[in-house]
Amino acid sequence: MGSYLIGMYAKCGSILNVQDVFHNNYLIGRDLATWNTMISGYSQNGWAKEVFAPLRQLLDENLIPNCITIASALPACNLIGSLGFGKQVHGFSISQLLHQNVFVGAALVDMYSKLGVIKDAENVFGVTTEKNSMAYTTMIWGFGQHGMGEKSLSLFHTMRHLGIEPVVITFMAVLSACDHSGLVDKGLKIFMSMERDDNIKPSTEHYCCIVNILGRLGRVAEAYEFVNELSEDANNLAIWGSLLGACRTHGQFDLAEIVCKKLDRMGMEKNMPGYKVLLSNMYADEGDWDNVDRVWEEMREKGY
1 MGSYLIGMYA KCGSILNVQD VFHNNYLIGR DLATWNTMIS GYSQNGWAKE VFAPLRQLLD
61 ENLIPNCITI ASALPACNLI GSLGFGKQVH GFSISQLLHQ NVFVGAALVD MYSKLGVIKD
121 AENVFGVTTE KNSMAYTTMI WGFGQHGMGE KSLSLFHTMR HLGIEPVVIT FMAVLSACDH
181 SGLVDKGLKI FMSMERDDNI KPSTEHYCCI VNILGRLGRV AEAYEFVNEL SEDANNLAIW
241 GSLLGACRTH GQFDLAEIVC KKLDRMGMEK NMPGYKVLLS NMYADEGDWD NVDRVWEEMR
301 EKGY
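Under full-length UniProt numbering, the sequence shown has 271 at position 271, and the numbering climbs by one with no breaks.
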């Protein structure tokens, strides 16, 4: 019951209630599941510094952390940027023979990647014996974050070759890697294979990735054609907003006007001021004050 209440409050972000239940109702007899839920609650809600006290306390109570304890504690090291704490937790996991567990392995890969030690992340991935889609996806993300797009692609193809099916987030990881490494055509090829080969319907995030991939290398007109051909249910604020950002990056004024009009027709009144300001800033960057005044006048007329 204690673990359930703590978990429920943690999911709601009510950390003070979590602490109240934990400290006032379970002073004795707290089992490992309760400690794990407490550690996970802190970590998931960004209370990273609070993670390590219960980790030490459960050891003082002669409880032995398991793979859930380790996997829950490691994200806190990312949040506070502490490679030292991360290495201590990693060392403890090795001493308990937990480092080869898929959940611990993925958490270690994620930690080392986010803290800039990609080689250590790769080494951890190499010794993880139970590799599933989560393990591969985490390593693909790591390579992508460090601009190693070709390695991300290679690992993605290895994963498929071994019969491990990619999931929705796997495609996000590999498309993001292609985006950061400028691998436009390879990214498009991966995107086209999602629904055809894996029966995974692209989400808004996948579409935005493609817009970013094309926009990063200046293929803004192609990005516009891509977005314009999407079905109505795929047309939404985030995708067109990404396209507008690409227009600004590459000075595509005429296209930016078209995108803003499209957003206006979509009934995005709540967000339109921000997009109009972005368009105005594009003209201001070029010293085109007549168009700056025109855009602001349009905003005033609409009551923005």
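Even for Gly, the Cβ is constructed at its ideal location relative to N, Cα and C.
The alpha helix (DSSP H) that contains residue i, what's its start and end?
i	result
Q88	83-95
E257	253-265
G303	Careful: G303 lies outside any alpha helix (DSSP H) and carries neither H nor E.
T158	149-161
K119	118-127
Q145	133-145
I164	Here I164 belongs to no alpha helix (DSSP H), and DSSP marks it neither H nor E.
E195	184-198
R216	204-216
K49	That residue, K49, is in no alpha helix (DSSP H); it is neither H nor E in DSSP.
Taking the straight line between their C-alpha atoms, what separation do you get for residue i and residue j?
i	j	result
N66	A177	32 Å
E50	H161	42 Å
I258	Q252	10 Å
I39	R265	47 Å
E301	P273	12 Å
S193	N291	42 Å
F92	H99	9 Å
N132	E150	21 Å
M139	A106	8 Å
S43	N36	11 Å
I200	V167	8 Å
M111	G41	18 Å
So, helix, strand or coil for residue i, using DSSP?
i	result
E61	coil
H250	coil
P273	helix
W296	helix
L229	This sequence places Glu at residue 229; Leu is not what is there. Coil, per DSSP.
W35	helix
E130	coil
Since residue i and residue j are thought to touch, with beta carbons under 8 Å apart, how far apart are those beta carbons, to the nearest angstrom?
i	j	result
T137	T158	13 Å between Cβ atoms; not a contact.
V220	L244	About 10 Å separates the two Cβ atoms, so there is no contact after all.
L153	K119	That pair is no contact at about 19 Å.
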